[in-house]
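Enquirer:
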């Protein structure tokens, strides 16, 4: 049976939704792991870093969480090729931890943005995006204050050239460089994205475009 | 002993907060302000023996995000 862990930080608030999405869609044995742990459950097939406001966004969004004990274990697991999915605050934490390039800055419009946005699937060859077709338009909600992806031009060119832009906003949402909504690491086993796929997994939620991320993932892992 | 650390956005990095503060300053009727950039001041009380290298290491590992920020260390 597939095994997954969702990391909980003080201030995480999408941890349970993420665990439910993973458990319901993939059937994985999914455990919640507190940030003080320095060891992860053995034999993990997936690690998810959920959304929220870890440590109250003190210093910078994700900055404190990225230095918590469990992240050393997450970094080591990512290095061994374990898939790591960071959503929203999870994306911020992954950039702060150095697992993904760039930084997520305050939205260009200053305001918190909370709505369903259109996304384009830029790369459907990754283990996280194989459930979509290339160039497909999907709809997934965002809810963030710091989703404005920044990296220098050389880094952005490299990300685009290597197919590491997984998702792009169909229209400007938060000032993100080149409308980037989600990026992969160079090995392709770490994805960070601001939109919340775990909030779009059944019709009751207004759509199920997020569901295919998890369905694709389980096919890739199985 | 006290050290002050100033964390500021790198040149060329857009500062939406600075821009909003600028607009608010103009809204209060002040004129002649060309630009506003917002940063962060961190004051650290420490033993006199703490090295500059350790302070720099704190900055690069935690206090500043070197992708977007610079830091300046000011020792009293």
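Chains as they are written, first to last, in full-length UniProt numbering: chain A, 1 to 222; chain B, 1 to 76.
Yeah, the Cβ is synthetic: ideal placement off N, Cα and C, and Gly gets one too.
1. By the 10 Å Cβ neighbour count, where 16 or more other Cβ atoms means buried, how is residue 168 of chain A classified, buried or exposed?
2. For chain A, is any of its Cβ atoms less than 7 Å away from the one on residue 20 of chain B?
3. Within 8 Å, do at least three Cβ pairs link the segment 22-35 of chain B to the segment 195-202 of chain A?
4. If I follow the unbroken beta strand (DSSP E) through residue 192 of chain A, where does it start and stop?
5. Give the DSSP bridge partners of residue 8 of chain A, in chain order.
6. Residue 25 of chain B lies in the beta strand (DSSP E); which residues open and close that run?
7. Distance check for residue 43 of chain B and residue 3 of chain B, CA to CA, integer angstroms please.
8. Taking all protein chains shown into account, do 16 or more other C-beta atoms lie within 10 angstroms of the C-beta of residue 77 of chain B, making it buried, or fewer, making it exposed?
9. Going by C-alpha distance, which of A:148, A:45, A:51 and A:64 is nearest residue 36 of chain A?
10. Would you identify the three-state DSSP class for residue 99 of chain A, choosing helix, strand or coil?
11. Return the CA-CA distance between residue 11 of chain A and residue 22 of chain B, expressed in angstroms with no decimal places.
12. Between residue 11 of chain B and chain A, is any beta-carbon pair separated by less than 7 Å?
13. Would residue 68 of chain B count as contacting chain A if we go by Cβ distances under 7 Å?
Expert: Let's see:
1. Within the first chain, residue 168 of chain A is the residue found at index 168, counting from 1. Burial check for residue 168 of chain A: the Cβ neighbour count within 10 Å reaches 16 or more, so the residue is buried.
2. Residue numbering aside, residue 20 of chain B sits at position 20 when the second chain is read from its first letter. So, interface residue.
3. no
4. As a working mapping, residue 192 of chain A is identified with position 192 in the first chain. Annotation: the continuous beta strand (DSSP E) that includes residue 192 of chain A extends over 190-193.
5. As a first step, residue 8 of chain A must be located in the first chain, where it is residue number 8. Beta-bridge annotation (DSSP): residue 8 of chain A is paired with A:34.
6. Within the second chain, the letter at position 25 stands for residue 25 of chain B. Here residue 25 of chain B belongs to no beta strand (DSSP E); instead the alpha helix (DSSP H) covers 16-27.
7. Translated into positions along the second chain, residue 3 of chain B becomes position 3. Translated into positions along the second chain, residue 43 of chain B becomes position 43. Spanning the two alpha carbons is a distance of roughly 6 Å.
8. This structure does not reach residue 77 of chain B, given that chain B is present from 1 up to 76, and the question cannot be answered.
9. As a position in the first chain, residue 36 of chain A is number 36, starting the count at 1. Nearest C-alpha to residue 36 of chain A: A:64.
10. Translated into the one-based positions of the first chain, residue 99 of chain A becomes position 99. Here residue 99 of chain A sits in coil by DSSP.
11. Here residue 11 of chain A refers to the residue found at position 11 when the first chain is read from its first residue. Here residue 22 of chain B refers to the residue found at position 22 when the second chain is read from its first residue. Taking the straight line joining both Cα atoms gives about 31 Å.
12. Position 11 of the second chain, counted from the start, is the residue given in the question as residue 11 of chain B. Output row for residue 11 of chain B: interface = no.
13. Counting from 1 along the second chain, the entry for residue 68 of chain B is found at position 68. Chain A, which has a Cβ nearer than 7 Å to the Cβ of residue 68 of chain B, makes this yes.
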